[in-house]
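Take a look at the structure set out below.
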Amino acid sequence: MATHPITQAIRIQIDRTPEMEHSAPLFLTSSFCFDNAEDMRAAFADETDDNIYSRFSNPNVQELVDKICALEGAEAGYATASGMSAVFGSFMALLKQGDHLLSCEAVFGSTHAVISKYLPKYGIDYSYLPATATEEAWRAAIRPNTKMIYLETPTNPGLEILDVEMISRVAHEKGVIVNVDNCFATPILQQPIALGADLVVHSATKWLDGQGRVLGGVIVGKKELIKEIYLFCRSTGPALSPFNAWILSKSIETLEVRMERHSASALHIAQQLENHPAIASLRYPFLASHPQVAIAQKQMTSGGGILCFDLKGGLEAGKKFLNQLQMLSLTANLGDTRSIASHPASTTHAKLSEAERQAVNITPGLIRISVGLEKVDDILADILQALAAVD
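If you count by the working numbering, then the sequence shown holds residues 422 to 812, one letter each, in order.
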């Protein structure tokens with residue numbers, strides 16, 4: 422009997438068909454058939470868990486969800502077409518006109534757009550707190566109409582760390598839902614539900630896939646909350662395709678070994694670059710110099726595959742550094758087998774105002790590195806030769 426969550430995530434599989442396949446088959450179908458009218462009626466009445474339509478459920482999608490639930494220690498889950506549809510679905514299914522969302526200040530650019538531009542259109546208010554906010558500040562920021570607290574930790578791209586246990590404890594004193602984006606850490610390095618969170622969202626496009634192939638999102642957490650999210654998504658349509666689910670499910674089987682390698686390489690590179698003369702500051706969650714290293718070490722098992730540094734030469738140095746790279750890819754993604762460099766101020770967070778970027782430490786010279794699975798010396802050598810050009 423498999424008891425460890427990682428073993429469960431590897432062995433969880435759709436029931437074998439009469440063909441006795443070892444790898445799960447693809448269920449590329451839009452709908453499912455019934456033996457008789459009564460079975461069909463019962464399925465539509467939610468009296469059974471029978472599949473009806475792949476917008477509602479699909480065996481490949483359910484297999485993926487079951488694996489993430491095992492890793493996150495969650496009661497239930499739902500998979501979506503992308504990470505942002507998971508974030509949006511987790512908001513809109515549970516928030517209504519007159520509610521208030523309290524969020525950490527540093528969030529992904531598209532998440533910031535949803536919170537600040539689109540939620541107010543539905544009469545949902547919001548406010549932000551910095552990662553450095555104290556327990557008293559979080560308690561004071563909760564309003565009578567606060568329904569949800571939303572966190573990213575580590576944050577994108579500044580790698581700030583939020584104390585999930587403390588914030589969850591404060592939130593639950595007031596009956597507030599805690600929703601955590603666990604994309605950067607993955608459930609291998611951090612389990613927010615064990616720290617008190619009610620919901621966890623993922624962009625499965627990133628480390629969960631790990632090879633830059635498909636889009637996907639996952640929401641897992643308390644059964645009663647997931648039910649509302651499922652009903653919202655079932656009606657509004659952000660369904661994950663069976664093919665993408667099949668790809669992601671196979672990816673989960675190698676997630677632990679990949680994250681161990683990504684994290685070890687990222688830590689080594691961060692240690693080698695920390696005192697480089699071209700770099701004004703560098704952040705990695707498990708470096709002693711990180712301002713929230715104690716929280717990171719308390720709630721994470723290692724620091725993950727992302728590091729970021731601020732070039733002394735600012736915007737022009739950032740451009741020069743990217744143009745000088747010979748091996749690292751310049752792309753909008755992260756969490757790939759191949760190492761990636763990006764410039765958040767001109768890409769993922771370009772739509773934030775200059776003041777908003779400064780508030781979350783996105784400086785003109787900030788570079789984000791997603792450390793891949795190449796040999797660590799080769800990754801480091803490419804970064805060092807590019808830095809030499811801007812030093």
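Positions of the beta carbon are idealized from the N, C-alpha and C atoms, including for glycine.
Report buried or exposed for residue i, applying the criterion of at least 16 other Cβ atoms within 10 angstroms of its Cβ.
i	result
Y543	exposed
M441	exposed
L522	buried
G519	exposed
H623	buried
D470	exposed
F742	buried
Y499	buried
D456	exposed
S656	exposed
K488	buried
S670	buried
F448	buried
N696	exposed
C654	buried
N744	exposed
S452	exposed
T424	exposed
D584	buried
Y571	buried
F512	buried
P379	Nothing can be reported for residue 379, as the shown portion of the chain is limited to 422 through 812.
What are the residues that DSSP puts in a beta bridge with residue i?
i	result
L787	D731
N603	For N603, which the question treats as bridged, DSSP gives no partner whatsoever.
G642	A497 and L620
I431	Bridge partners of I431: none, in fact.
M569	L522 and I598
L736	Paired residues: none, contrary to the question.
S763	R789
R704	C729
S452	Y474
S750	I761
Nearest to residue i by CA position, among the options, is which residue?
i	options	result
E493	D602, S774 and A701	D602
H683	K644, S624 and G756	G756
I609	H521, T576, I690 and E677	E677
L749	V621, P712, V635 and L805	L805
G739	N782, A810, E775 and P613	A810
F465	I582, L652, T657 and A534	L652
G631	I673, Q611 and I650	I673
T784	V714, L801, I700 and H711	I700
R789	T553, K568, Q713 and I690	I690
D460	N472, M569 and L540	N472
V641	D584, I650 and R634	I650
T532	T555, S506 and A514	S506
E526	F477, Q434, W628 and L580	L580
T567	L515, L694, C490 and Y539	L515
A666	R655, S656, E645 and G637	G637
G633	Q483, E777, I761 and E496	I761
A807	P439, L746 and H697	L746
T607	D546, F477, T675 and M569	T675
I427	H711, L540, P765 and M680	M680
T553	K671, I545, I588 and E496	I588
K644	E557, L449, E496 and R476	E496
K648	A709, F477, S451 and A618	F477
H590	E556, H425, T576 and L620	The sequence given here has Arg at residue 590, not His. Of the listed residues, the one whose Cα sits closest to R590 is E556.
I435	V482, S537, R462 and E468	V482
T769	V599, V635, D803 and T576	T576
S537	H443, T574, E777 and S475	E777
E775	L736, S475, H443 and V486	L736
N820	S791, C454, K627 and T626	Outside the displayed span of the chain (422 to 812) sits residue 820, for which this structure offers no information.
P541	S475, R560 and K517	K517
Measure the beta-carbon distance from residue i to residue j and round it to whole angstroms, keeping in mind my assumption that it falls under 8 Å.
i	j	result
R759	G724	Between G724 and R759 the Cβ distance is about 20 Å, and since that is not below 8 Å, they are no contact.
G563	V597	Note that residue 563 is Ile in the sequence shown here, rather than Gly. Correct: roughly 6 Å between the Cβ atoms.
T501	P659	5 Å
S767	A753	Going by Cβ atoms, the distance from S767 to A753 rounds to 11 Å, so no, they are not a contact pair.
F605	I727	6 Å
L787	P446	The pair is not a contact, with the Cβ atoms about 45 Å apart (cut-off 8 Å).
A717	P706	4 Å
Q779	L616	No, Q779 and L616 are not in contact; Cβ-Cβ is about 30 Å, not under 8 Å.
L694	F730	6 Å
A491	A534	Actually they do not touch by this definition, with Cβ atoms about 32 Å apart.
S702	V797	The Cβ separation is near 22 Å, so there is no contact.
D812	P712	About 26 Å separates the two Cβ atoms, so there is no contact after all.
D619	V599	5 Å
S524	Y539	That belief does not hold up - the Cβ atoms of S524 and Y539 are roughly 14 Å apart, past 8 Å.
Determine whether the Cβ of residue i lies closer than 7 Å to any Cβ atom of chain B.
i	result
A562	Any reference to chain B falls outside this structure, which holds one protein chain only.
query: Going along the chain, which unbroken runs of the alpha helix (DSSP H) with 4 or more residues stay wholly within the stretch 514 to 554?
result: 530 to 534
task: Quick one: which unbroken alpha helix (DSSP H) runs of 4-plus residues sit fully inside the stretch 633 to 687? Chain order, please.
output: 644 to 657 and 663 to 673
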